[in-house]
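Every position in the sequence shown, counted from 1, becomes a number in my numbering once 3 is added.
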Amino acid sequence: MVYRFKFISDRYSKFSMEVEIQENQTFYDFHEFIQDELEYDTSHLAIFHVCNHSWQSKQEIALLKKGKTEKEVLLMDKTIMKSFVKDAHQKFQYCYDLINNRCFKIELMETKMETTNMFYPICTAFTGEIPPQFDSGKNDSLFDLEDEEEETIKKPKKPVIDVFDDDFATEEPFDKEIDFGFTPEDQDIEPDEEEEEDVKDDGKDDFDDEDDIDEPEGDIDDSLDDDDE
Numbered sequence: 004m005v006y007r008f009k010f011i012s013d014r015y016s017k018f019s020m021e022v023e024i025q026e027n028q029t030f031y032d033f034h035e036f037i038q039d040e041l042e043y044d045t046s047h048l049a050i051f052h053v054c055n056h057s058w059q060s061k062q063e064i065a066l067l068k069k070g071k072t073e074k075e076v077l078l079m080d081k082t083i084m085k086s087f088v089k090d091a092h093q094k095f096q097y098c099y100d101l102i103n104n105r106c107f108k109i110e111l112m113e114t115k116m117e118t119t120n121m122f123y124p125i126c127t128a129f130t131g132e133i134p135p136q137f138d139s140g141k142n143d144s145l146f147d148l149e150d151e152e153e154e155t156i157k158k159p160k161k162p163v164i165d166v167f168d169d170d171f172a173t174e175e176p177f178d179k180e181i182d183f184g185f186t187p188e189d190q191d192i193e194p195d196e197e198e199e200e201d202v203k204d205d206g207k208d209d210f211d212d213e214d215d216i217d218e219p220e221g222d223i224d225d226s227l228d229d230d231d232e
């Protein structure tokens, strides 16, 4: 026999999915198919709840034993589907985000004969968009919180240079003479000699040309004698 289940979500009203699974397949087969079909991260824990008509949980079927005795825990890989399909509209909840208690409601829609050469489980109908495995922009699961902490620790930080750090101090003291390839004396002498040459050249240009000096015509003494007469 084959069970046809319908999945819905309280948070995502447009989403629905129908899955067919054989009665002798396990809840672990069911879990694996759901994770694969919705492209969820399989590293996170999940759990089935066997519910009554009011969607109240009556039994848990866990992926792993955690904090309970062996008698109180049913494991997915040890529990077949027909063990808990007792009603024509049997209800389950599949909780895929344990931290935030986010679940799909699963209801039995039909029990029928299996189709020859059909591989089960199989998705026979799908509408809407896949609900995100975690809240948009936020992942509060235990595993992802640990991953975020590891990323924070591993993230390289920019080095801060301490100007007073000995590692960045110069090997030579600042008062030590530094060889620039010439001496201050060489630098000072050359400009002074050039300036002195310029001054000498300027003086020569002003006074060497005797032709440019106007000389008085005649003898000054002769002109004075003429005035006395």
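Yeah, the Cβ is synthetic: ideal placement off N, Cα and C, and Gly gets one too.
message: For the segment 55 to 71 against the segment 116 to 136, do three or more pairs of beta-carbon atoms, one drawn from each stretch, fall closer than 8 Å, so that the two count as touching?
response: no
field: N- and C-terminal bounds of the beta strand (DSSP E) containing H34
entry: Per DSSP, H34 belongs to no beta strand (DSSP E); it is in the alpha helix (DSSP H), F30 to E40.
query: When the distance is taken between beta carbons, is I109 closer than 9 Å to Y97?
result: yes
- request: Closer than 6 Å by C-beta to F51: which residues in its own chain qualify, once you throw out the five before and the five after it? Chain order, please.
  value: Cβ neighbours of F51 within its own chain (closer than 6 Å, five residues either side excluded): F30, I64, F95 and Y97.
Cβ-based burial, F122 [other Cβ within 10 Å; buried from 16]: exposed
field: DSSP beta-bridge partners of Y6
entry: I24 and T114
field: Exposure label - H56; buried when at least 16 CB within 10 Å
entry: exposed
message: Please classify Q59 as buried or exposed, where buried requires at least 16 neighbouring CB atoms within 10 angstroms.
response: exposed
Residue burial classification, D100 (beta-carbon count within 10 angstroms, cutoff 16): buried
- request: Below 8 Å CB to CB, which residues in the same chain sit around A91 once its five sequence neighbours on both sides are set aside?
  value: L111 and T114
query: For K81, which three-state DSSP category applies?
result: helix
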